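Peer 1:
Residue numbers (the UniProt record's numbering): 1 to 219.
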């Protein structure tokens with residue numbers, strides 16, 4: 001498919017989703033124009049590759065070997081590092097966030113939040129931590145970087161540097177979902193075998209802040 005063609009990526013994903021339907025969700029995942037094959041061992045990787053190659057060949061598709069990686073023990077993908085232990089943050093991106101200087105205006109606050117939000121799924125109650133920063137995204141007559149904002153800025157950096165390795169979900173094993181609510185936000189963590197699979201959180205709307213603690217926990 002030619003580069004730059006409008007709608008190329010979603011059309012490719014739709015087509016490849018049909019072609020690889022027999023193996024998607026088993027050991028293949030497709031995101032945009034990437035196909036990821038996960039295997040528990042090298043022997044299984046070879047077996048899985050042969051199956052994918054067969055399906056692609058039957059559909060009349062070929063691969064560009066220069067854009068393929070096979071048998072990787074670790075993969076950098078979508079800002080994260082994926083290996084047999086799970087999914088972890090990319091140290092290069094983490095250091096870029098740690099080295100950020102305090103924002104001087106609302107535009108820089110938005111940029112800061114855009115970078116840190118990439119790792120929100122690794123951080124417990126991320127929305128609560130960032131609330132003072134979200135308040136500064138609005139275009140105010142006078143931008144004031146308060147002590148509260150600085151504390152939030154520092155707390156987010158620390159949380160990202162201490163982010164846990166997220167576990168791959170095993171849909172044959174029970175999950176545990178824990179939720180929490182504060183006066184300004186709600187949060188949740190999905191666990192499996194006492195390890196986090198993902199964190200989620202968001203701030204509450206003005207109306208939602210009037211809910212009871214129980215109601216906020218069910219938002």
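Don't be surprised by glycine CBs; every beta carbon is placed ideally from N, CA and C. On a predicted model such as this, the values are computed, not experimentally measured, just so you know.
Which residues bound the alpha helix (DSSP H) around residue 224?
Peer 2: Residue 224 cannot be examined here, being either before or after the span of the chain that is shown, 1 to 219.
Peer 1: For residue 39, which residues of its own chain have a beta-carbon under 7 Å away from its beta-carbon, when the five flanking residues on both sides are left out?
Peer 2: Working through the chain shown from its first residue, we reach residue 39 at position 39. Excluding sequence neighbours, residue 39 sits near 27, 45 and 48.
Peer 1: Hey, residue 198 and residue 190: beta-carbon distance below 8 Å or not?
Peer 2: For this step, residue 198 is matched to residue 198 along the chain shown. For this step, residue 190 is matched to residue 190 along the chain shown. The answer is yes: Cβ separation under 8 Å.
Peer 1: Drop a sphere of 10 angstroms on the beta-carbon of residue 123, count the other beta-carbons inside from all chains shown, and report buried for 16 or more, exposed for fewer.
Peer 2: Counting from 1 along the chain shown, the entry for residue 123 is found at position 123. Looking at its Cβ environment, which holds 16 or more other Cβ atoms inside 10 Å, residue 123 is buried.
Peer 1: Alpha carbon to alpha carbon, how far is residue 58 from residue 161? Give it in angstroms, no decimals.
Peer 2: Here residue 161 is taken as the residue at index 161 of the chain shown, counted from 1. Here residue 58 is taken as the residue at index 58 of the chain shown, counted from 1. Their Cα atoms are separated by approximately 46 Å.
Peer 1: Can you name the start and end residues of the alpha helix (DSSP H) that residue 154 belongs to?
Peer 2: In the chain shown, residue 154 corresponds to position 154, counting from 1. Counting along the chain, the alpha helix (DSSP H) containing residue 154 begins and ends at 147–161.
Peer 1: Considering only their Cβ atoms, is the gap separating residue 94 from residue 103 smaller than 8 Å?
Peer 2: Stepping through the chain shown from its first residue, residue 103 is reached at position 103. Stepping through the chain shown from its first residue, residue 94 is reached at position 94. Not closer than 8 Å, so no.
Peer 1: Compute the distance between the beta-carbons of residue 137 and residue 106, then report whether it is under 8 Å.
Peer 2: For this step, residue 137 is matched to residue 137 along the chain shown. For this step, residue 106 is matched to residue 106 along the chain shown. It is a contact, given that the beta carbons lie within the stated cut-off.
Peer 1: Only counting the same chain, and skipping five residues up and downstream in sequence, which positions put a Cβ closer than 7 Å to that of residue 85?
Peer 2: Taking the first residue of the chain shown as position 1, residue 85 is located at position 85. Same-chain partners within the cutoff: 165.
Peer 1: Hey, how far is the Cα of residue 141 from the Cα of residue 135?
Peer 2: Counting from 1 along the chain shown, the entry for residue 141 is found at position 141. Counting from 1 along the chain shown, the entry for residue 135 is found at position 135. Straight-line Cα distance between these residues: approximately 13 Å.
Peer 1: Quick one: which unbroken beta strand (DSSP E) runs of 3-plus residues sit fully inside the stretch 177–212? Chain order, please.
Peer 2: Runs of the beta strand (DSSP E) inside the stretch 177–212: 185–192 and 195–203.
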